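Beneath this line is the structure, given in structure tokens, with notes to follow.
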Amino acid sequence: MLNRLTVSELTAKLARRECSAREATQACLNQIARVEEHVGAFLNVDTAGALAQADVADATLKAGASHATQPLLGVPLALKDIIAVRGQPLTCGSRILEHFVSPYDATVVEKLKTAGAILLGRLNLDEFAMGSSTENSAFQLTRNPWDLERIPGGSSGGTAAAVASNEVIAALGSDTGGSVRQPAALCGVVGIKPTYGRISRYGLVAYASSLDQIGCVAKDVRDAATLLGVVAGYDPRDSTSVPQPVPDFASALTGELKGLKLGLPREYLVAGIDPEVKATVEAAIARLAALGMEPVEISLPHTEYAIATYYVIAPAEASANLARFDGVRYGLRVDGADPIEMYARTRGAGFGAEVKRRIILGTYVLSSGYYDAYYLRAQKVRTLIRQDFLKAFEQVDAIMTPTTPSAAFKIGEKANDPLQMYLEDIFTISCNLAGICGLSVPCGFTASPRLPIGLQLLGKPFGEADLLRIAHAYEQATDWHRERAPLAVA
Ligand code: GLN
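Numbering (numbering that gives the first Met the number 0), first residue to last: 0 to 489.
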């Protein structure tokens, strides 16, 4: 049952020699063998590689290494299949990269390896991280471990489902408009999207470069803090990473919330939210107030423009970033009579419908004659949205919202209605537009069926430690994060 442990529980056991990294890895592999046919979180499991890494970790432990210097030594993790691991497939959930193998490690992967982590394999996602349900993967569905008829969220659906079903101890995803926080909320685990620039994006395949951040998914807040501490930091290979010192996030978990101000944006608890989600989040506000936080009503007046702004900027950047998949440099090539026909055939066959929709939309808003009306205007609104947050943070230490307007929806329910799908991100998207940090922590369940609900905390630029502190104190006062889907513990 070692697969059920958190990072802190497992490393404590490893340090006391109560188990080996190989046993922990084998426990995760056994769980994968048992539940994967139902969950479908993995695109690829590297069994031999994982066991070999586990043996190295065991030898390192035996030689006296400690978790003080290698915080993830012997801990089995997995990564969303959009983060490059040398020698491993890097499909981005797309046919166009179906047979592509990464020639290099992302910076976060170098850091995980240095910290002693064991990488189990590649996790499913919406194609190029475009989506909110993982239904846009070219390869397979991922199902929510709490209800196999439902989506796990997206685009990091495989990441959240793998952690929630105890197939891995923790995992990394990426978040451009909510893709770490939303699936974490819908699967009942913790997800953090740090401030833009906190984690290097070197080796993260670009979707919308001004919004993309790597994020951590874990079973509790302490684990999220540990993982973030390992992967965060300035990287000269990513010019958007920021030379900010990385605090010791674990030391922020003091349980002390007295005097902190909690902003409640009046634009967020609006009509359209599921009544159970609303009631649950209101209970969480009361709980945080009881722990010493002072609720303060605030206003983020440009909230109503966030989705429209995002769906101009993200497709614009995506259309530019995805131009590199041309049949020449990476992955799939479908031959044609001349290069133009080859490009067209390759991209026609290689990209799925949602990716094509974004490329067309993005090309349109960037084209001459429309650039000013759409792209430039969206950039201006984006600045207003960021200013809303910076102004609010003059008054409060963190802002609280639901992570999603409702719990996990049924597979197929929104698949043919892109606009409904886009609305799923209504609470998560502004955080990326503003470049601030955000976290989702479990805060309750719907009654029937029993589905997890997430509480979102938004923080100041580089204020991750504050968010972790608040979420941790909340976790200590509640038991939501301890509940696992029946399938995960059967
Ligand atoms: N659902 C949003 C989109 O489709 C966000 C995805 C993400 O954060 N990668 O763009």
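C-beta atoms are modelled at their ideal positions from N, C-alpha and C, and glycine is treated no differently. Remember, it's a predicted structure, so these values are computed and weren't measured experimentally.
In chain order, what residues of the same chain have a beta carbon less than 8 Å from the beta carbon of residue i, not counting five sequence neighbours either side?
i	result
Asp80	Leu42, Asn43, Pro88, Leu89, Thr90, Cys91, Gly92, Arg121, Leu122, Asn123, Leu124 and Gly157
Ala284	The identity of residue 284 in the sequence shown is Ile, whereas the question assumes Ala. Closer than 8 Å at Cβ, skipping near neighbours: Leu261, Leu263, Pro294 and Met399.
Ile384	Leu299, His301, Thr302, Tyr304, Ala305, Thr308, Ser429, Leu432 and Ala433
Asp234	Thr106, Ser199, Tyr201 and Ser240
From the DSSP output, in three-state form, read off residue i for me.
i	result
Asn431	helix
Ala184	helix
Ser318	helix
Glu296	strand
Thr10	helix
Asp146	strand
Met341	helix
Ile425	coil
Asp57	helix
Lys257	coil
Ala32	helix
Ile168	coil
Ala114	coil
Cys27	helix
Ile410	coil
Phe324	coil
Pro264	strand
Gln69	coil
Met129	coil
Val162	helix
Gly196	coil
Asp219	coil
Asn123	coil
Gln87	coil
Ala336	coil
Asn2	helix
Thr400	strand
Pro246	coil
Leu140	coil
Ile272	coil
Lys79	strand
Ala489	coil
Ala231	strand
Give the single residue among the options whose Cα lies nearest to the Cα of residue i.
i	options	result
Asp237	Pro404, Val107, Ala217 and Val311	Val107
Gly361	Ile312, Ser7 and Tyr201	Ile312
Gln139	Leu118, Ile117, Arg94 and Gly115	Arg94
Glu303	Arg21, Ile425 and Arg16	Ile425
Gly490	Gly177, Pro242, Asn135 and Ala83	An answer regarding residue 490 cannot be provided, because it is not within the stretch 0 to 489 covered by the chain.
Asp146	Ser164, Val229 and Ser250	Ser164
Phe248	Cys430, Leu28 and Pro70	Pro70
Ser318	Gly349, Ser19, Lys355 and Lys12	Lys355
Pro242	Ser199, Ala128, Gly214 and Pro448	Ser199
Ala278	Pro151, Leu454 and Leu72	Leu454
Thr477	Leu111, Ala67, Ala397 and Cys442	Cys442
Ile297	Arg265, Val327 and Ala307	Arg265
Phe408	Asp396, Tyr310 and Leu422	Leu422
Ser208	Thr345, Ala128, Thr46 and Leu119	Ala128
Arg180	Tyr103, Ala11, Thr403 and Leu60	Thr403
Gly228	Pro338, Lys110 and Val100	Lys110
Ser101	Tyr329, Asp396, Gly411 and Leu438	Tyr329
Ala377	Leu389, Asp45, Pro314 and Val395	Pro314
Tyr103	Val204, Val167 and Ala14	Val204
Ser19	Ala40, Val74, Gly196 and Ala160	Val74
Glu393	Gly458, Pro338 and Ile452	Gly458
Ala14	Ala51, Tyr206 and Thr59	Thr59
Leu438	Leu456, Pro274 and Ala484	Leu456
Glu353	Pro274, Phe444, Val364 and Tyr310	Tyr310
Pro460	Glu412, Arg16, Gly411 and Ala391	Ala391
Met0	Thr68, Thr24 and Ala336	Thr24
Under 6 Å Cβ to Cβ from residue i, same chain only, skipping five residues before and after it: list those, please.
i	result
Gly232	Val245
Asn2	Ala26, Cys27, Gln30 and Asn165
Ala472	Gly254, Leu256 and Leu290
Arg197	Ala231
Arg332	Gly326 and Thr345
Leaving out five residues on either side along the sequence, give the residues of the same chain with a beta carbon under 7 Å from the beta carbon of residue i.
i	result
Glu474	Asp219, Val220, Val440 and His480
His37	Arg142, Leu147 and Leu486
Asp387	Leu299, Pro300 and His301
Pro448	Asp146
Asp54	Arg21
Val518	It is not possible to answer for residue 518, since the shown part of the chain is limited to 0 through 489.
Report yes or no: do three or more beta-carbon pairs, one from the segment 221 to 230 and one from the segment 454 to 472, lie closer than 8 Å? The answer is yes - the segment 454 to 472 touches the segment 221 to 230, with three or more Cβ pairs under 8 Å.
Pair every Cβ in the segment 416 to 435 with every Cβ in the segment 286 to 297, then say whether three or more of these pairs are closer than 8 Å. no
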